[in-house]
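Number of protein chains: 2
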Amino acid sequence: MHDPHTPALAIHGGAGTIPKSALDDKTLAAHHAGLRAALTAGWCLLAAGAPALDAVTAAVMALEDDPLFNAARGAVFTADGRLEMDAAIMDGKARRAGAVAGICGPKNPILAARAVMENSPAVLLAGTGAEAFARSQNLVFMPETYFQTERRRASLSLELNRRLAGAPDTRTDADRHGTVGAVARDAAGNLAAATSTGGMTAKLPGRIGDTPIFGAGTYADNATCAVSCTGTGEVFVRFTAASEIAARLRHAGQSLAQAAPAVIAELLTHGGDGGLIAIAADGPPVLTFNSTGMYRGYVTSDGILHTAIHREDFTTQIS
Amino acid sequence: MHDPHTPALAIHGGAGTIPKSALDDKTLAAHHAGLRAALTAGWCLLAAGAPALDAVTAAVMALEDDPLFNAARGAVFTADGRLEMDAAIMDGKARRAGAVAGICGPKNPILAARAVMENSPAVLLAGTGAEAFARSQNLVFMPETYFQTERRRASLSLELNRRLAGAPDTRTDADRHGTVGAVARDAAGNLAAATSTGGMTAKLPGRIGDTPIFGAGTYADNATCAVSCTGTGEVFVRFTAASEIAARLRHAGQSLAQAAPAVIAELLTHGGDGGLIAIAADGPPVLTFNSTGMYRGYVTSDGILHTAIHREDFTTQIS
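From first to last, the protein sequence lines stand for chains R and S.
Numbered by this note's numbering, the letters in the first sequence go through residues 2 to 320 in order.
Numbered by this note's numbering, the letters in the second sequence go through residues 2 to 320 in order.
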């Protein structure tokens, strides 16, 4: 007899973490609280029997609403001082998928991605076309100022000045990039993944990273696993990070616990720093990264919320 | 002893072929001539020892310039009567990649994709940001009228009227979509793939299909294969068509001749009609499709140009 599927949820708030030495107690506590709020939003649904798709949507919405993380409110700026957000969602049951790229308007880009999946013939819509579609779906829109934060504007300013001066890039991961994401397994055994990001600080206008590329930054298939990535997106795209993990499960007989860290280690050899969260049909979620840290958390059937930022032990709290 | 690598080139002009019954002799001959021109453009380079990357670029440029095919000149229209082109190129040697999406301006979108790969930190640029980057690269731009053709405008009109009338979709593949692409292996054993498209007739503005999604419509890795796809792009994205073929070569011990047709057959069970061309480190190119036809051609070391449209035998001509 096979055990019934046990629900589980994992989240990340990006591999672009503030260095441990620069993280004061208050900021540290705020990040843990933000991660717990996202876990709670998703877990409430999963524990009540809701689909994995709803859990990852709720968890990512919570992270999008929190200005500490680089997605929606708190997104990083492009080189020309604008905001261009990408988001993607995938349903492992039927491998349905939806994504948006280069948008600014919908309060929660992940809802725009979900609307693409559920209510359009497309899997990826970009730019003004994507924004027009989101409006047609009656999603809540916010003015550009809602998404802007002083911290991200300062990061842009620093980076543009550095480029003008031709100085070497000594930025921390936190100044360069970030992403939020969630993966979940529900009681019916369905997997889902969702990812949302503002991209990289001072990115080229129009640049699309790995987030909305299915098989790179976002992926879900009940037969293998659900994956959400964060890091230097270009390398994750070139090496099809997420679908490579799924391929090792499907064709090479590897476990998720073997495949996910191995792929993340390989990406680093190609200059791809970052991490990912993943979940398979059975077993606990896997959270792995090759960077100095990754804002992350998970919760399984005992309901205990686990959160961590660097390579320390997980902080736990009962949900 | 292993034989030295033998150069080979395959191209497609899209799985959206005109039905055999509607293809008069003149139009038939024009399509074969267009395919031969593209093969010749690529083969001249390969036979002279040029890299696979240059061969696929030249072959795709020839198809982009030919108004018979749905890429650049002759691209299909969006639902709001505009042109939004996608193109991608990938170098199997170092898995470098570059793509553009939703652009109208560069005479050859594949050159914009190649510039993204070679001269930007990004792998994918979309919309006005991509066009601005292409201008910065001094690429040749053409006015929108250069790309427009009466045939594609008539297809848009028919489709919009059909939607207004709520009539069933009885369009042929040729009226719906199309793509051009090339894969090559050079004498050094390097693989490359390139794809370019106008997308689907009457597509949602902002819609991005599988063409610029590495691992879906375009892929190259010397260790496995180079792939260029054509068809209902959304299904190719959801099932990561190209990287699934590569995964079967890498992890399941399959040959390209086994994996490529198997994946194309599986895509059809999910509503994905279309086809692909692919080439591995050894052996002839594989050209496979589940649709009624696919404009296609290939040339190997004997220099004979093979072209076909439906399921007939290849027409041959000495290069």
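Glycine included, C-beta positions come from ideal geometry on N, C-alpha and C.
Treat the numbers as computed from the prediction; the structure is a model and nothing was measured.
Residue i versus residue j - alpha carbon distance
i	j	result
S:S197	R:K21	46 Å
S:S158	R:V300	53 Å
S:G305	S:A60	Rather than Gly, the amino acid found at residue 305 of chain S in this sequence is Ile. One C-alpha to the other measures close to 16 Å.
S:P285	S:G210	28 Å
R:A16	S:D174	44 Å
S:M2	R:V287	Residue placement at S:M2 is flagged as unreliable, the pLDDT there being 39, under the threshold of 50; a coordinate-derived value is accordingly withheld.
R:T28	R:I12	19 Å
R:A188	S:A53	49 Å
R:A23	R:A309	16 Å
S:D66	S:A193	20 Å
S:I19	S:F215	28 Å
S:F148	S:P213	20 Å
S:R172	S:E145	26 Å
R:A183	R:Y220	11 Å
S:T58	S:S302	19 Å
S:A9	S:T180	21 Å
S:S320	S:G99	30 Å
S:R163	S:S156	11 Å
R:G50	R:A135	28 Å
S:V124	S:A133	15 Å
R:A258	S:I90	33 Å
Contact set for residue i: own chain, Cβ-Cβ below 6 Å, skip 5 residues either direction
i	result
R:A131	V101 and I104
S:A127	A102 and G103
S:L160	One detail in the question is off: residue 160 of chain S reads as Glu in this sequence, not Leu. So the list reads T202 and A203, once near-sequence residues are dropped.
S:A116	Q138
R:L269	N291
S:T225	A247, L250 and R251
R:G294	T18, I310 and H311
S:A88	V101, P110, I111, A114 and S197
R:G272	V236
R:A39	I12, A60, A63 and L64
R:E85	T79 and G103
Span of the alpha helix (DSSP H), counted from its first residue to its last, around residue i
i	result
S:C45	D26 to A48
R:T146	E145 to F148
S:D55	A53 to D66
S:R177	D174 to R177
Where the beta strand (DSSP E) containing residue i begins and where it ends
i	result
R:L10	A9 to H13
S:Y296	That residue, S:Y296, is in no beta strand (DSSP E); it is neither H nor E in DSSP.
R:A193	L192 to T198
S:A72	Unbroken run through S:A72: none, as it is neither H nor E.
Residues bridged to residue i [DSSP beta-bridge criterion]
i	result
R:G276	R:T231 and R:F290
S:R335	Only positions 2 to 320 of chain S appear in this structure, which leaves residue 335 of chain S out of reach.
R:Y220	R:V228
R:A281	R:C226
R:M86	R:I104
Own chain partners of residue i with C-beta closer than 7 Å, once the 5 adjacent residues on each side are dropped
i	result
S:G190	H6, N223 and A282
R:T289	A261, P262, I265, G276 and L277
R:R249	Q255 and A260
R:G207	G103
Residue i - DSSP class collapsed to helix/strand/coil
i	result
S:Q255	coil
S:L107	It should be pointed out that residue 107 of chain S corresponds to Pro in this sequence rather than to Leu. Of the three classes helix, strand and coil, the one that applies to S:P107 here is strand, per DSSP.
R:L165	helix
R:I319	strand
S:A183	strand
R:V101	strand
R:A248	helix
S:F134	helix
S:F240	coil
R:T308	strand
S:M91	strand
R:M118	helix
S:T79	strand
Close-in-space but distant-in-sequence residues of the same chain around residue i (CB under 8 Å, 5 per side omitted)
i	result
R:M62	A42, N109, I111 and L112
S:R153	N71, G75, A76, V77, F78, G199 and T202
R:R37	G298, L306, T308 and Q318
S:E267	F240
Residue i: contacting residues in chain A (beta-carbon distance under 7 Å)
i	result
R:H252	This model lacks chain A altogether; the protein chains it does include are R and S.
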